[in-house]
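All letters in the sequence shown, in the order written, are residues 1 to 224 by the UniProt record's numbering.
Glycine included, every Cβ here is placed at the ideal spot set by N, Cα and C.
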Amino acid sequence: MTQDELKDAVAAAAIDEIRPHLGRDSVIGVGTGSTANRFIDRLASLRDDLRGAVASSEASAERLRGHGIECFELNEVGTVPVYVDGADEVNAHLHMIKGGGAALTREKIVAACAERFICIADGSKKVATLGDFPLPVEVIPMARSYVARELVKLGADPVYRQGVITDNGNQILDCYEFMIEDPVAMEARIDAIVGVVTNGLFAARGADLLLLGGEQGVERLTPA
Ligand SMILES: O=C[C@H](O)[C@H](O)[C@H](O)COP(=O)(O)O
């Protein structure tokens with residue numbers, strides 16, 4: 001199976017997972033990226049079975065609206081029963097690195113307000129230790145150099161993602177050469193640097209369920 005087929009398979013599995021819990025008043029959280037896009041395309045078939053969605057990016061909101069799915073502000077709905085999103089890497093504890101598409105901050109906010117986080121990913125995203133994928137850190141632009149120096153002290157090799165402005169008007173540093181042994185502690189340490197808006201470690205609030213696509217089908221994994 002190709003990676004695209006695997007992404008499609010996990011998107012379909014997520015639809016099966018959430019369908020029994022949806023009602024006409026349900027507003028669900030929807031993530032960002034190529035895997036989440038496949039989920040959004042399939043969600044179109046459930047358009048009449050839910051009230052709408054909270055999107056974690058402008059791009060996802062636009063795609064949702066294109067399918068006739070109403071988008072709400074998170075402040076209007078407060079909490080969402082479920083948040084479905086992809087990941088760049090995920091470990092056995094269902095801690096993740098996210099933000100390859102620069103949507104990490106809004107993703108983390110919607111995830112924080114979700115009763116349940118379902119991660120959908122093809123098998124290539126599952127790792128023993130997080131960090132092969134460069135960890136994104138969203139920064140206030142004027143703090144970029146300072147934050148980069150602080151990240152070096154933590155052992156990372158931060159690189160400015162040239163030309164990328166987040167939906168929040170900020171910039172991204174990608175941390176290379178940075179294997180993360182304790183994702184919960186590192187998430188908090190990076191967030192404590194002045195000028196950091198968010199980092200792409202989703203460990204304090206990891207996923208509750210991972211739908212992982214492989215040659216044998218879609219595995220259903222809960223945190224180890
Ligand atoms: O900022 C982007 C998000 O964190 C995505 O969920 C992540 O990059 C995975 O994207 P994809 O499904 O395209 O691999």
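Which partner residues does F202 have in the DSSP bridge list? Against the sequence shown, residue 202 aligns to sequence position 202. In DSSP, F202 forms a bridge with M96.
Just to confirm, does T32 get its C-beta within under 8 Å of one of the non-hydrogen atoms of ligand 1? As a position in the sequence shown, residue 32 is number 32, starting the count at 1. Flag set: Cβ of T32 near ligand 1.
Mapping the DSSP letters down to three states, classify G123 as helix, strand or coil. Counted from its first residue, the sequence shown places residue 123 at position 123. DSSP places G123 in helix when its eight states are reduced to three.
Between the C-alpha atoms of A103 and Q216, what's the straight-line distance to the nearest angstrom? Against the sequence shown, residue 103 aligns to sequence position 103. Against the sequence shown, residue 216 aligns to sequence position 216. A103 and Q216: Cα-Cα distance of roughly 31 Å.
Around the Cβ of S34, are there at least 16 other Cβ atoms within 10 angstroms (buried) or fewer (exposed)? Residue numbering aside, residue 34 sits at position 34 when the sequence shown is read from its first letter. Answer is exposed; the Cβ neighbour count stays below 16.
Could you work out which residue in R106, V90, N91 is closest to A61 when comparing CA atoms only? By one-based count along the sequence shown, residue 61 stands at place 61. With distances taken between Cα atoms, A61 lies closest to R106.
Would you report the Cα separation of R161 and A143, rounded to the nearest angstrom? On the sequence shown, position 161 is the one that residue 161 refers to. On the sequence shown, position 143 is the one that residue 143 refers to. About 14 Å.
Specify, as a first and last residue, the run of the beta strand (DSSP E) that P136 falls within. Here residue 136 corresponds to residue number 136 of the sequence shown, with the count starting at 1. Run containing P136: 135-139, per the beta strand (DSSP E) assignment.
Return yes when the Cβ of S145 is within less than 9 Å of the Cβ of V110, no when it is not. Within the sequence shown, numbered from 1, the residue matching residue 110 stands at position 110. Within the sequence shown, numbered from 1, the residue matching residue 145 stands at position 145. Result no, Cβ atoms of V110 and S145 do not sit closer than 9 Å.
Going by DSSP, what residue range makes up the beta strand (DSSP E) through A55? The residue you call residue 55 lines up with position 55 of the sequence shown. Start and end: 52-55.
Tell me the DSSP secondary structure of R144 in three-state form. As a working note, residue 144 is residue 144 in the sequence shown. Helix, per DSSP.
Could you give the first and the last residue of the continuous beta strand (DSSP E) run that contains L173? What you label residue 173 is simply residue 173 of the sequence shown in a count that begins at 1. Per DSSP, L173 belongs to the beta strand (DSSP E) from 171-176.
Examine ligand 1 and report whether any of its heavy atoms sits within less than 8 Å of the Cβ of D88. Within the sequence shown, numbered from 1, the residue matching residue 88 stands at position 88. Yes; taking the cut-off as 8 Å, the Cβ of D88 has a heavy atom of ligand 1 nearer than that.
Cβ pair K7, I120 closer than 9 Å: Taking the sequence shown and counting its residues from 1, the one referred to as residue 7 is at position 7. Taking the sequence shown and counting its residues from 1, the one referred to as residue 120 is at position 120. Against a cut-off of 9 Å, the Cβ pair of I120 and K7 comes out as a contact.
Which term fits V137, buried or exposed, when burial requires 16 or more other beta carbons within 10 angstroms of its beta carbon? Here residue 137 refers to the residue found at position 137 when the sequence shown is read from its first residue. Buried.
Quick one: what's got a C-beta closer than 7 Å to G52's C-beta in the same chain, skipping five residues either side? The residue you call residue 52 lines up with position 52 of the sequence shown. Cβ within range, chain order: V27, I69, E70, C71, F72.
Contacts around D122, its chain only, beta-carbon distance under 6 Å, and the 5 residues preceding and following it disregarded: Taking the sequence shown and counting its residues from 1, the one referred to as residue 122 is at position 122. Cβ neighbours of D122 beyond the five flanking positions: Q3, L6, K7, G213.
When you measure from the CB of K126 to every non-hydrogen atom of ligand 1, does any distance come out below 8 Å? As a working note, residue 126 is residue 126 in the sequence shown. No, Cβ of K126 sits at least 8 Å from all heavy atoms of ligand 1.
I want to check one thing, is the minimum distance from the CB of A114 to the heavy atoms of ligand 1 below 8 Å? Here residue 114 corresponds to residue number 114 of the sequence shown, with the count starting at 1. No, the Cβ of A114 stays beyond 8 Å of every heavy atom of ligand 1.
Any heavy atom of ligand 1 closer than 8 Å to the CB of T2? Within the sequence shown, numbered from 1, the residue matching residue 2 stands at position 2. Outside the cutoff, so no.
Which listed residue (C113, N37, I18, A59) has its alpha carbon closest to that of D49: On the sequence shown, position 49 is the one that residue 49 refers to. Comparing Cα-Cα distances from D49 to each of C113, N37, I18, A59, the minimum goes to I18.
C-alpha distance - H67 paired with T32, whole-angstrom precision: Here residue 67 refers to the residue found at position 67 when the sequence shown is read from its first residue. Here residue 32 refers to the residue found at position 32 when the sequence shown is read from its first residue. The alpha-carbon atoms of H67 and T32 are separated by roughly 15 Å.
What is the residue span of the alpha helix (DSSP H) that L43 lies within? Taking the first residue of the sequence shown as 1, we reach residue 43 at position 43. Its alpha helix (DSSP H) spans residues 34-43.
Going straight from the alpha carbon of E181 to that of A224, what length do you get? Position 181 of the sequence shown, counted from the first residue, corresponds to residue 181. Position 224 of the sequence shown, counted from the first residue, corresponds to residue 224. Answer to the nearest angstrom: the Cα atoms are 15 Å apart.
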